[in-house]
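A.B. asks:
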Amino acid sequence: MSKLAILTKNYLLIFYGSLKYGRAGRNRGRLFGSATAVAAVFLFAALMMGSSAWAQVEAFMAAGVSELVLYNSLMIGFMVSILIAVMRSSGAERVSDADLLLSLPLPRRTILLAKSAARYVFDLLPIIMLVLPSILVYFIRLHPGLPFLLRGLLALALLPLFSTGIAGFINWMLFRVGNRLRNPQLIITLLSVLLLLAVVGGNFLLSAGLNEAESAGALLYRLQTIGPLAWPVGFILSGNVLSLLKLALFTGLPFLLGCWLSARIFGATRRNWHSARRDLVFRRRGRVAALISKELRRYFGSTIYLLNTGFGLIMATVFTIALLIGGNRWFGDILVLGQSSGLLPFVLLFIYSFCAGTCYIAACSISLEGRHIDLLKAQPLPVMEIFAAKILTNIIVTLPLTFVCSLAAALYLRLAFIDALIVVLIPSLVCLMSASIGLAINLALPRLDWDNETQVVKQSMASLLALAIAIFPVGLPCALWLLFGRPGISFAALGLATTAFLALLTLAACAWLHKTGRALFSRLA
3 MSKLAILTKN YLLIFYGSLK YGRAGRNRGR LFGSATAVAA VFLFAALMMG SSAWAQVEAF
63 MAAGVSELVL YNSLMIGFMV SILIAVMRSS GAERVSDADL LLSLPLPRRT ILLAKSAARY
123 VFDLLPIIML VLPSILVYFI RLHPGLPFLL RGLLALALLP LFSTGIAGFI NWMLFRVGNR
183 LRNPQLIITL LSVLLLLAVV GGNFLLSAGL NEAESAGALL YRLQTIGPLA WPVGFILSGN
243 VLSLLKLALF TGLPFLLGCW LSARIFGATR RNWHSARRDL VFRRRGRVAA LISKELRRYF
303 GSTIYLLNTG FGLIMATVFT IALLIGGNRW FGDILVLGQS SGLLPFVLLF IYSFCAGTCY
363 IAACSISLEG RHIDLLKAQP LPVMEIFAAK ILTNIIVTLP LTFVCSLAAA LYLRLAFIDA
423 LIVVLIPSLV CLMSASIGLA INLALPRLDW DNETQVVKQS MASLLALAIA IFPVGLPCAL
483 WLLFGRPGIS FAALGLATTA FLALLTLAAC AWLHKTGRAL FSRLA
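Quick note: the sequence shown uses our numbering, first residue 3, plus one each step.
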């Protein structure tokens, strides 16, 4: 095996090994369970995309625009790939890791090629999960022939080059900006959030503009005018060589540029600024307030932490602003259908509850103490005050924005008082519930031997479980109501039952933290 292949394989094995949890990770059963959970999430998303594509093909075939299913999946694929690029580029490379790699008897180009190859593989997986099901469904339902399928696989292989290159460019840009400012991490975090808002908002505006099309044929015509979407679809359907060339240039040039820029800063040291002040300034605070201040500084000082746990808040903000600005022009048909069917309050409830539940800040807070957990334990502080600070930090970040967004949407749409109360109250309760349960999960599944915050925030089982459990208390009652409740059970009764369920779970989590959580915290090392 060549050096390049060995190094690329090593990167992939490091990711696989990151599913382990310290000494407990030596248990093969636990490692297998973690890998199985990740595979289950991947397959579940692929099956959901496949079932959605099947339903779309059935509807589009009747209108004679079956290729719309390919455009829809490609839009989602491009959106997710750009989001991955923004999120991954926000994490600074450890200088010690780069120095270690450069000290190996390997050519520099081999190291950089291996890193690019590993990033390409990571970006290829979500593209396969989101886009391949629609290609397979189109192939099964319309029988376009084997060349169609082969062209689809080739187009999929080209798409991840774009996100890999964009990630390299953004990482270079943030590195250059950070080296010219006195407080670089705060500026980098702010720029990353603005980039993420721009990506999400741009995709939303594009989707809203396309939804204004008068018919399916008009929508298809609009999509055919968008080059990055029309090129892969044109090549997949007809084998147009010119479309393939345009797609290759669109994805390959950013990839080459991103790799070149990444090579220029690989192993470079970030500039450190030091204060010239000689006096110490002390500020008197209460114990919990001081702990909350420390947690907030860590949260807003870590781009990886903020972007991955704050993405739901960004989505809620973009959706609310779009609703207030676009109103009936962008959401006219959806609002009319939702009001006539009585599902509009349910949709708002689910959107804001889901966005609040994805902010799993507390589920990472114990693990992020890392190898310095003993310093926190050595402080003369009651354990429950430490827990309270971490839970309150989650609430301070998520609750105000969730409350304002849900209230603004309920007032704008003029919901009935009871419906508006439920739409505002339950997402706020989700913030409380997800904070307490997230901390409990992190105590049960801590990871203190991490080398990079990404391993805690994005690759730990605690964060995956927190995401799944946070939406379960709202998703389950809503699903049961949709399947069996209408019209026998009113939306008010659903809201009351869900509120009681959330309150019960929050109290149970707090009781568990008070009894079992304190014992687990004392054994952390």
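Using N, Cα and C, we set each Cβ at its ideal position, and we do this for glycine too.
If you're wondering where the values come from, they're calculated on a predicted model, not measured in any experiment.
1. Excluding the 5 residues flanking Thr112 on each side, which residues of the same chain have their C-beta closer than 8 Å to its C-beta?
2. Rounded to a whole number of angstroms, what is the C-alpha to C-alpha distance between Thr500 and Ile471?
3. For Leu416, which option in Pro347, Glu60 and Asp453 has the closest C-alpha, if you only look at C-alpha atoms?
4. Suppose you measure from the CA of Ile420 to the CA of Met317; what does that come to, to the nearest Å?
5. What's the C-alpha gap between Ala494 and Phe503?
6. Taking the alpha carbon of Leu127 as the reference point, which residue from Gly66, Leu115 and Phe44 has its own alpha carbon closest?
7. For Cys361, which three-state DSSP category applies?
8. Quick check on this structure: which residue in Arg178, Gly328 and Ala437 has the alpha carbon closest to the alpha carbon of Lys392?
9. State the Cα-Cα distance for the pair Ser165 and Leu76, rounded to the nearest angstrom.
10. Could you name the residues of the same chain whose beta carbon sits closer than 6 Å to that of Ser371, not counting the 5 residues immediately before and after it, in chain order?
11. Given Gly154, which residues of its chain have a CB within under 6 Å of its CB, disregarding the five upstream and five downstream residues?
12. For the alpha helix (DSSP H) that contains Asn242, what are its first and last residues?
13. Nearest by alpha-carbon distance to Leu450: which of Asp376, Ile428, Thr400 and Pro384 is it?
14. Distance, Cα to Cα, Gly303 vs Val139?
15. What did DSSP end up calling Pro69 once you bin it into helix, strand or coil?
16. Nearest-angstrom Cα distance between Ala1 and Phe141?
17. Nearest by alpha-carbon distance to Gln461: which of Ala270, Val59 and Thr311 is it?
18. Quick check on DSSP: helix, strand or coil for His145?
19. So, for Tyr23: in the same chain, excluding its five sequence neighbours on each side, which residues have a beta-carbon less than 6 Å away from its beta-carbon?
20. Quick check on the DSSP output: the alpha helix (DSSP H) that includes Pro429 runs from which residue to which?
21. Report the rounded CA-to-CA distance for Tyr301 versus Leu308, giving the unit in angstroms.
22. Tell me whether Ala26 is buried or exposed, calling it buried when 16 or more other Cβ atoms sit within 10 Å of its Cβ.
23. Along the chain, where does the alpha helix (DSSP H) containing Arg289 start, and where does it finish?
24. Secondary structure at Ala521, three-state DSSP: helix, strand or coil?
25. What are the boundary residues of the alpha helix (DSSP H) that includes Gly497?
C.D. replies: Per the coordinate set shown:
1. Once the five neighbours on either side are set aside, the close Cβ partners of Thr112 are Lys5, Leu6 and Leu9.
2. Each residue's alpha carbon lies about 14 Å from the other.
3. Just to set this straight, residue 416 is Arg in the shown sequence, not Leu. By alpha-carbon distance to Arg416, the top candidate from Pro347, Glu60 and Asp453 is Pro347.
4. Taking the straight line joining both Cα atoms gives about 25 Å.
5. Distance between the alpha carbons of Ala494 and Phe503: 14 Å.
6. Nearest C-alpha to Leu127: Phe44.
7. Reduced to three states, the DSSP call for Cys361 is coil.
8. Lys392 has its Cα closest to that of Ala437, out of Arg178, Gly328 and Ala437.
9. Put simply, the backbone Cα of Ser165 is about 13 Å away from that of Leu76.
10. Checking the displayed sequence, the identity of residue 371 turns out to be Glu instead of Ser. Cβ within range, chain order: Leu378.
11. These residues qualify, in order along the chain: Ile137 and Ile238.
12. Element bounds for Asn242: n/a, residue is neither H nor E.
13. Comparing Cα positions, the closest option is Asp376.
14. If you take the alpha carbons of Gly303 and Val139, they lie about 44 Å apart.
15. The residue asked about is misnamed: residue 69 is Glu in this sequence, not Pro. Correct three-state label for Glu69: coil.
16. Lying outside 3 to 527, the shown extent of the chain, residue 1 is not represented and no answer is given.
17. Here the closest residue by C-alpha is Thr311.
18. Here His145 sits in coil by DSSP.
19. Any reading at Tyr23 is ruled out, since the residue's pLDDT is 45, under 50, leaving its predicted position unreliable.
20. Phe419 to Ala446 is the extent of the alpha helix (DSSP H) around Pro429.
21. C-alpha of Tyr301 to C-alpha of Leu308: approximately 6 Å in a straight line.
22. Residue placement at Ala26 is flagged as unreliable, the pLDDT there being 45, under the threshold of 50; a coordinate-derived value is accordingly withheld.
23. Per DSSP, Arg289 belongs to the alpha helix (DSSP H) from Arg289 to Gly303.
24. In the structure shown, Ala521 sits in a helix (DSSP, three-state: H, G or I).
25. Where Gly497 is concerned, the enclosing alpha helix (DSSP H) stretches over Phe493 to Trp514.
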